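Notes follow once the structure below has been shown.
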Amino acid sequence: MKTIYLLRHAKSTAKDAPLADIDRPLSERGEADAKAMADYLAQAGIAPALVLCSSARRARDTLDGVLPGLGRKPVPILEDGLYHADASGLLRRLSEVDDAIPSVMLVGHNPAMEDLARKLADGGDPVALERLTAKFPTGALAVLETDAAAWRDIKSGRALLTAFVCPRDLD
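Here this note's numbering is used: the sequence shown runs in plain steps of one and ends on residue 319.
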């Protein structure tokens, strides 16, 4: 069994800021949301064996905010390729993970995160599925489980959505 945690970066500063898109930091709300998500991760006992994070500043800042809540304190890997990746690119990256690793957290961007979650999910928690279908907001976490033995065997419609948590759920 493999577990996939898809964490969309938290709320960032406005796109019209004088910074390049890749350099935009989190807003105050985004920082608070990341800390709230860290508390949730700790309470839920979420401990991914591997964390892959987009190199964009808002993704790195989100990771910094949630890292205290992750069990086992994984050493995250920053990857430039996750910044512009679409859902197929994220799935391709997951297929390259060593099969000895049981769980991976991807910290990245929409629409790729939402598209991948929808692409993989075929069943699971009906409320979570309905909420995922409606919107994948900033700072949200989708948890997917699959019975695949190898990462390369994870395909569309082969996972169960076991949780979908948004920062507003944690207020």
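Note that the Cβ used here is the ideal one computed from N, Cα and C, for glycine as well.
On a predicted model such as this, the values are computed, not experimentally measured, just so you know.
Burial state of residue i, where buried means 16 or more other Cβ atoms lie within 10 Å
| i | result |
| --- | --- |
| Arg-266 | buried |
| His-157 | buried |
| Ile-302 | buried |
| Ala-307 | buried |
| Ala-298 | exposed |
| Met-261 | buried |
| Ile-249 | exposed |
| Lys-150 | buried |
| Gly-178 | buried |
| Val-291 | buried |
| Ala-233 | buried |
| Ala-276 | buried |
CA-to-CA distance, residue j to residue i, given in whole angstroms
| i | j | result |
| --- | --- | --- |
| Gly-305 | Leu-268 | 5 Å |
| Val-214 | Asp-295 | 27 Å |
| Ala-186 | Thr-161 | 20 Å |
| Ala-204 | Asn-258 | 13 Å |
| Glu-293 | Leu-154 | 11 Å |
| Gly-287 | Gly-271 | 23 Å |
| Pro-315 | Ser-236 | 26 Å |
| Pro-216 | Pro-166 | 30 Å |
| Glu-244 | Arg-300 | 7 Å |
| Val-313 | Ala-197 | 20 Å |
| Thr-210 | Ala-282 | 23 Å |
| Leu-289 | Asp-181 | 12 Å |
| Ser-175 | Lys-159 | 6 Å |
| Gly-219 | Ile-225 | 16 Å |
| Pro-173 | Asp-247 | 34 Å |
Counterpart residues of residue i in DSSP-defined beta bridges
| i | result |
| --- | --- |
| Ile-152 | Val-252 and Leu-292 |
Cβ neighbours of residue i in the same chain (closer than 7 Å, five flanking residues each side left out)
| i | result |
| --- | --- |
| Arg-208 | Cys-201 and Leu-226 |
| Pro-222 | Pro-196, Ala-197, Leu-198 and Val-199 |
| Lys-183 | Gly-213 |
Any non-hydrogen atom of the ligand SAH within 7 Å of residue i CB
| i | result |
| --- | --- |
| Glu-227 | The ligand SAH is not part of the structure shown, which contains no ligands of any sort. |
Same chain only: Cβ atoms within 8 Å of residue i, ignoring 5 sequence neighbours per side
| i | result |
| --- | --- |
| Gly-193 | Gly-219 |
| Leu-242 | Ile-152, Val-252, Leu-254, Trp-299 and Ile-302 |
Beta carbon proximity, residue i to chain B, threshold 8 Å
| i | result |
| --- | --- |
| Arg-156 | Checking the listed chains, one finds no chain B in this structure; it contains a single protein chain. |
Inset, instruction - Any chance you could list the beta strand (DSSP E) runs of at least 3 consecutive residues sitting entirely within the stretch 175-256, in chain order? - result: 198-202, 225-227 and 251-256
Inset, instruction - Taking only runs that begin and end inside the stretch 261-287, name each unbroken beta strand (DSSP E) of 3 or more residues, in chain order. - result: 269-272
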